[in-house]
Every structure is written in C-alpha cells, then in structure tokens.
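Undergrad: Questions regarding the structure given below will be posed in turn.
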Amino acid sequence: MNRLPDRLPLLRVSRLSLLYLAFVFGCEETDTKGWLVDRTRVLGVRFEAKADPARTAIAPGEAMRATWLVGAPNGTGRLTWAYAVCAPVQGNYPEPRCEGPVLASASGASEGELVAMELEAPRAEAVAGVEELQMLVAFCDAGDAALDASRFAGTCAGSDVPARLASATIRLEAAGPNKNPEIAPDSVLLDGQPMTPSTLRPGPSCAGEAAAPVVVPGSKHAFTIRFRGDEREPVPGSREGVESILASHVVTTGELGRQYSMLDPSDPVPKEARVEWTAPPREQVPEGGRLTEVYLVLRDGRGGAAFARRTVCVRP
Numbered sequence: 001m002n003r004l005p006d007r008l009p010l011l012r013v014s015r016l017s018l019l020y021l022a023f024v025f026g027c028e029e030t031d032t033k034g035w036l037v038d039r040t041r042v043l044g045v046r047f048e049a050k051a052d053p054a055r056t057a058i059a060p061g062e063a064m065r066a067t068w069l070v071g072a073p074n075g076t077g078r079l080t081w082a083y084a085v086c087a088p089v090q091g092n093y094p095e096p097r098c099e100g101p102v103l104a105s106a107s108g109a110s111e112g113e114l115v116a117m118e119l120e121a122p123r124a125e126a127v128a129g130v131e132e133l134q135m136l137v138a139f140c141d142a143g144d145a146a147l148d149a150s151r152f153a154g155t156c157a158g159s160d161v162p163a164r165l166a167s168a169t170i171r172l173e174a175a176g177p178n179k180n181p182e183i184a185p186d187s188v189l190l191d192g193q194p195m196t197p198s199t200l201r202p203g204p205s206c207a208g209e210a211a212a213p214v215v216v217p218g219s220k221h222a223f224t225i226r227f228r229g230d231e232r233e234p235v236p237g238s239r240e241g242v243e244s245i246l247a248s249h250v251v252t253t254g255e256l257g258r259q260y261s262m263l264d265p266s267d268p269v270p271k272e273a274r275v276e277w278t279a280p281p282r283e284q285v286p287e288g289g290r291l292t293e294v295y296l297v298l299r300d301g302r303g304g305a306a307f308a309r310r311t312v313c314v315r316p
C-alpha cells in the first residue's frame with residue numbers, strides 16, 4: 001500500500017479518524033501523486049436527506065441521496081454503476097464487503113462528474129442498534145456495471161477494464177445529528193483572486209473562455225483554500241468541542257504541492273491554506289489551450305462532505 005504524501009504532517013495523519021482513512025483508501029487516494037486525476041477516479045461522496053440536503057444523519061426509512069464525485073483527465077463521460085448497502089463488517093480494519101444481508105441495491109447510468117443515486121434508507125427493524133451502514137459501489141466507463149457485494153468485486157460487461165470500486169460510511173440518526181459542511185463561492189482562490197464555480201467542460205480548446213482564469217504553460221501559481229469556520233460543527237462531549245475538517249484538493253493537469261489541508265479544532269478562523277501549483281509544460285498543452293479542472297472535497301470525519309469544482313485555462 002502506498003503511503004500518504006510526505007507533505008501531510010505525521011501529527012495530523014494521527015488525528016484523522018478511521019472513517020477518513022477508510023474512505024480515502026476506498027477512493028484511490030493513496031497514490032504517490034494522489035493530487036493528480038490522471039485516470040477516472042472516485043474523489044468523494046456526499047450523503048444527504050432528500051427532505052433536508054444539509055443533513056447527513058439519515059433516519060430509518062427516509063428518502064436519501066448519495067452523490068459521488070468522479071473525476072477524469074479529460075472530463076467525466078458516461079458511467080454505469082451498481083451499488084449495495086449493508087451493515088459494516090465488525091472487527092479491526094475489516095475489508096469492505098457485505099457479510100450480512102444487502103439492505104438496498106440498484107444499478108444505473110449517469111453523465112458527468114456528479115453521479116447521483118437516490119434510495120430509501122432501510123427501515124427501523126432492519127437497522128435496530130446500528131449507527132452506520134456501508135455503501136459499496138462499482139463504476140464502469142464501458143459496459144454495464146455489476147457488483148458482488150459479498151466479495152466487494154465488480155465487473156464491466158463486455159469490457160476488459162476492471163470496475164472502479166469505492167466504499168463509504170452512511171451515518172444514521174442513531175449516531176447523533178450531523179450536517180454536511182458547505183463550500184462558499186469565494187473559498188478557492190488562484191494567486192489571491194477568488195475563482196468562481198465553473199460550468200466549463202473540457203474540450204479541444206479553452207481559447208476565448210472568459211469564465212476561467214488564463215495562465216501560460218509551465219508557470220508557477222498558488223491555490224488558496226479559505227476556511228471561514230462555519231464548515232465545522234460543535235461536537236458536544238468531545239475534548240476538542242468542534243469537528244476537524246479534512247480538505248482534499250486535486251487537479252487534472254500540472255504539479256500540485258500536496259493533496260491535503262486541515263482545519264483543526266484548535267485552528268483560529270478564518271484560516272487560509274496555500275497550495276503551490278505548476279501549470280503543465282508546453283508539450284502537454286495544444287495550441288488552443290487545455291482546461292485544467294480543480295476539485296476540492298471537504299470531509300468532517302462524521303459522514304459530512306462537500307464538493308467544489310473550478311477551472312483554469314492553460315494556453316500558450
């Protein structure tokens with residue numbers, strides 16, 4: 001297993017909950033260059049109650065939504081998927097799989113980086129005494145996805161390319177209340193200037209795209225993640241008093257200084273985390289330019305998450 005990047009201090013690694021790490025490993029973020037989206041990658045998931053999208057603690061029988069963030073180097077195209085929900089396996093560091101009955105399952109297809117799956121949480125009699133569930137998912141770029149939940153193995157019909165697997169924990173109401181963090185529109189900056197949320201799509205050229213900042217190949221820059229403080233909630237009864245927030249930032253081109261930033265309970269707010277970025281070299285940029293996608297994922301370690309997408313046009 002590859003280690004976390006050297007630039008993430010060991011002291012802070014030790015503070016991350018097992019939930020953080022279990023999710024990170026399940027979503028392929030243990031690469032040496034985990035900050036680079038150089039293939040189709042599962043980057044995060046947000047669980048929310050359909051009646052109250054800010055709430056991530058789900059009541060038995062409640063309609064809910066799981067939205068997965070799946071990035072790709074040239075934009076995310078059509079994906080097929082299959083999922084299963086079950087009680088997590090007990091024990092120390094268990095492999096994700098469904099040892100007991102599957103409580104919910106479905107398959108489908110989507111287009112783009114946000115993959116929404118709507119489902120109904122298991123009823124109270126099925127989750128009595130349970131505070132969390134696990135969701136296992138297989139994603140395919142080609143062919144229909146199939147998932148064997150008992151082995152946590154996936155296949156893509158008619159394709160030699162293996163399914164991409166991801167797992168995450170669904171927090172139930174019995175574990176206590178929790179809300180998803182939110183990312184303000186001005187929370188991501190490039191060289192000190194706020195980057196607006198982007199709807200630009202990767203294509204053969206980004207020349208003339210006024211909605212994205214423009215940089216030249218090989219130039220050096222810095223992204224800044226601005227924490228306002230309202231991303232973290234109070235945690236009654238905990239020693240720290242409030243949540244920790246883990247930020248994961250990745251790009252589709254260039255070189256990023258690190259993948260992770262933290263907002264610790266003791267950190268004063270507002271806080272800014274600076275991450276160096278070098279634009280891709282000239283030989284990787286066509287004459288019409290290349291759109292770089294920047295993804296930010298916040299996780300609170302208690303089941304809450306938020307996503308943001310920004311874009312930069314790199315052109316000669």
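In terms of the working numbering, the sequence shown has 266 at position 266, counting the first letter as 1, and numbering is strictly consecutive.
No residue lacks a Cβ here, since even glycine has one placed at the ideal position from N, Cα and C.
Does DSSP put Q284 in a helix, in a strand, or in coil?
TA: As a first step, residue 284 is located in the sequence shown; it is residue number 284 there, counting from the start. Q284: helix per DSSP, three-state reduction.
Undergrad: Once the 5 residues before and after P213 are set aside, which same chain residues still bring their CB inside 6 Å of it?
TA: Numbered from 1 along the sequence shown, position 213 holds the residue referred to as residue 213. Contacts found: L190, V312.
Undergrad: Please identify the residue among C206, R310, G218 whose C-alpha is closest to the C-alpha of E255.
TA: The residue you call residue 255 lines up with position 255 of the sequence shown. The shortest C-alpha separation from E255 is found at G218.
Undergrad: Nearest by alpha-carbon distance to A211: which of R310, P281, Q259, D52 is it?
TA: For the purposes of this step, residue 211 is taken as residue 211 along the sequence shown, with counting starting at 1. That would be R310, whose Cα lies nearest to the Cα of A211.
Undergrad: Cβ of P122 within 8 Å of Cβ of P60?
TA: As a first step, residue 122 must be located in the sequence shown, where it is residue number 122. As a first step, residue 60 must be located in the sequence shown, where it is residue number 60. Yes, Cβ-Cβ distance for P122 and P60 is below 8 Å.
Undergrad: Distance, Cα to Cα, P101 vs M117?
TA: In the sequence shown, residue 101 corresponds to position 101, counting from 1. In the sequence shown, residue 117 corresponds to position 117, counting from 1. So the two alpha carbons sit approximately 20 Å from each other.
Undergrad: When you compare each of T169, T278, G154, I170 to A163 by their alpha carbons, which one comes out closest?
TA: In the sequence shown, the residue the question calls residue 163 occupies position 163. The option with the nearest alpha carbon to A163 is G154.
Undergrad: Taking the continuous beta strand (DSSP E) assigned at W277, which residues delimit it?
TA: As a working note, residue 277 is residue 277 in the sequence shown. Looking at the DSSP string, the run of the beta strand (DSSP E) that includes W277 is 271-278.
Undergrad: Whose C-alpha, out of I58, H249, R226, R299, is nearest the C-alpha of W277?
TA: Position 277 of the sequence shown holds residue 277. Nearest option by C-alpha distance: H249.
Undergrad: Give a single yes or no on whether I170 has its beta carbon closer than 7 Å to a heavy atom of the ligand PLP.
TA: Ligands are entirely absent from the displayed structure, and the ligand PLP is therefore not among its contents.
Undergrad: Identify the residues that DSSP records as bridge partners of R226: which are they?
TA: By one-based count along the sequence shown, residue 226 stands at place 226. Answer is E272, bridged to R226.
Undergrad: Where does E62 fall in DSSP's three states?
TA: Residue numbering aside, residue 62 sits at position 62 when the sequence shown is read from its first letter. DSSP places E62 in coil when its eight states are reduced to three.
Undergrad: Reducing DSSP to helix, strand and coil, say where A124 ends up.
TA: Your numbering for residue 124 matches position 124 in the sequence shown. Reduced to three states, the DSSP call for A124 is helix.
Undergrad: What are the boundary residues of the beta strand (DSSP E) that V45 is part of?
TA: In the sequence shown, residue 45 corresponds to position 45, counting from 1. Counting along the chain, the beta strand (DSSP E) containing V45 begins and ends at 41-49.
Undergrad: Which residues bound the beta strand (DSSP E) around W81?
TA: Residue mapping note: residue 81 aligns to position 81 of the sequence shown, counting from 1. Here the beta strand (DSSP E) through W81 covers 78-86.
Undergrad: Take the Cβ of A247 as the centre, count every other Cβ of all protein chains shown within 10 Å, and call the residue buried at 16 or more, exposed below.
TA: For the purposes of this step, residue 247 is taken as residue 247 along the sequence shown, with counting starting at 1. That one is buried.
Undergrad: Under 8 Å, do I170 and G301 count as touching if we go by C-beta distance?
TA: Counting from 1 along the sequence shown, the entry for residue 170 is found at position 170. Counting from 1 along the sequence shown, the entry for residue 301 is found at position 301. In this structure, G301 does not lie closer than 8 Å to I170 by Cβ.
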